[in-house]
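Residue numbers (our numbering): 79 to 540.
Have a look at the structure below before the remarks.
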Ligand SMILES: [Fe+2]
């Protein structure tokens with residue numbers, strides 16, 4: 079954290095998707111309403127952002143751009159991305175080293191030799207930083223393409239992960255991952271700042287969890303998201319930022335006594351990837367770190383009609399983030415908030431937990447129904463076998479008690495299994511109902527004791 083009680087301000091942009099102007103991929107260079115205007119009346123993404131930041135009196139200390147700088151690996155997007163990032167830094171009065179970038183799936187080429195897959199991303203990286211940050215040595219494997227930004231003057235460090243490490247031509251899915259190899263390597267990198275008490279931020283492209291309450295159904299959550307979340311909490315990361323599906327999102331996870339805030343911004347640039355198909359607006363977010371345990375995020379979205387940015391308008395205008403040791407964060411939160419009003423971030427967490435609980439109840443129901451159906455089929459088969467053994471001429475020499483005994487044994491097995499399955503189903507559903515009722519009660523009025531119990535059971539059950 080900056081010394082003297084100063085706040086740290088982060089500008090989070092993601093999924094810029096720069097491409098050829100004629101490719102209709104990017105709202106600001108291919109499709110914006112303002113393209114119909116005379117050039118002197120256009121602001122473009124850069125002018126528009128800088129204007130809004132000034133208007134809202136946001137003075138970012140750091141800019142973090144979480145991937146998909148390009149659209150579908152577009153060569154034409156490279157100079158646009160470099161020009162935008164450099165001019166943004168200049169417009170904010172920041173050195174380029176205060177701009178953090180991460181690779182996204184659209185920045186990594188899927189064809190050709192593995193050596194060349196990061197060529198466009200590396201071109202952007204070199205074009206942005208010049209001599210200020212050395213390029214990755216030739217042949218650096220994907221899992222060691224981890225960028226570490228230390229800013230002692232700001233009291234913050236940012237680790238830029240490569241969540242595209244396993245994306246390759248044969249990979250059909252876009253889920254991304256930060257595998258154990260990359261995590262091990264990041265641990266080596268983090269040794270440089272161990273013990274300095276820096277506020278630790280993780281930046282990556284892909285999702286660390288599945289957001290609920292928004293239109294898209296496929297959120298491309300990282301294959302190893304659970305393991306990465308735990309690792310981030312254990313390595314004392316305070317904040318994780320990502321993009322990818324253009325969803326504006328935040329969640330506060332309590333993992334083994336540590337609060338990790340996870341948040342995504344909407345895409346700041348695209349025409350089609352999300353904006354039209356999934357009704358997701360163009361957006362960016364400002365994150366203010368108020369102290370080592372608390373922060374806020376302000377979400378802004380672009381109104382094409384007025385060509386101005388406005389408060390995002392979904393949920394609270396300002397959303398609360400929690401970081402660090404759970405006890406300290408909870409104590410601070412208890413002082414700050416009246417008991418009758420749970421903060422927005424916590425409400426979001428309740429909503430996510432409720433969604434998980436409801437899904438778990440549905441899944442229990444479905445699996446019990448399947449079990450019942452299987453049992454019914456098994457009983458029919460048992461009856462058929464018993465009838466066959468009684469009537470088929472081949473088995474006429476069997477003792478007369480065998481067919482009914484076989485049928486009876488199968489029916490007995492089924493009838494013993496059914497009550498046991500039902501008892502187990504009922505017990506699990508009762509536990510889930512308890513969680514459901516509890517979270518609903520906490521939504522209305524926070525109860526720290528109950529919440530602790532619920533969270534403990536939630537992590538055990540789900
Ligand atoms: Fe993406």
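We put the beta carbon where it would ideally sit given N, CA and C, even for glycine.
Here residue 453 is near residue 492, since their CB atoms are less than 8 Å apart. Check the Cα spacing between residue 298 and each of 266, 255, 469 and 279: the tightest is with 255. Looking at the DSSP output, residue 520 bridges to nothing.
Listed in chain order, the non-local C-beta contacts of residue 164 below 8 Å within the same chain comprise 174, 205 and 206, local neighbours out to five positions each way being set aside.
The stretch 328-335 makes no contact with the stretch 97-110: fewer than 3 CB pairs, one atom from each, lie closer than 8 Å. Between residue 321 and residue 209, the CB-CB gap reaches or exceeds 8 Å.
C-alpha of residue 216 to C-alpha of residue 304: approximately 32 Å in a straight line. According to the DSSP secondary-structure assignment, residue 397 is paired through a beta bridge with 375.
By the C-beta criterion, the stretch 268-280 is judged to be in contact with the stretch 227-245, since at least 3 inter-stretch pairs fall below 8 Å.
DSSP places residue 278 in no alpha helix (DSSP H) but in the uninterrupted beta strand (DSSP E) bounded by 277-281.
For residue 328, same chain residues with a beta-carbon under 8 Å away, outside a window of 5 residues either side, are 339, 340, 341, 342, 375, 397, 399, 423 and 426 in chain order.
Bounds of the beta strand (DSSP E) holding residue 329 are 327-333.
Annotation: the continuous beta strand (DSSP E) that includes residue 142 extends over 140-143. Inter-segment contact for the stretch 382-392 and the stretch 125-136 is present: three or more beta-carbon pairs are separated by less than 8 Å.
Secondary structure remark: continuous beta strand (DSSP E) runs of at least 3 residues inside the stretch 213-281, in chain order: 225-229, 234-238 and 277-281. Burial check for residue 240: the Cβ neighbour count within 10 Å reaches 16 or more, so the residue is buried. Its chain contains no residue whose beta carbon lies nearer than 7 Å to that of residue 534 once the 5 sequence neighbours on both sides are disregarded. Any heavy atom of ligand 1 counts here; residues with a Cβ closer than 5 Å to one of them, in chain order, are 146, 182, 183 and 322. Under the DSSP assignment, residue 167 falls in the alpha helix (DSSP H) whose first and last residues are 155-170. One alpha carbon belongs to residue 312, the other to residue 405, and they sit about 15 Å apart. Secondary structure note for residue 127: its alpha helix (DSSP H) is the uninterrupted segment 122-133.
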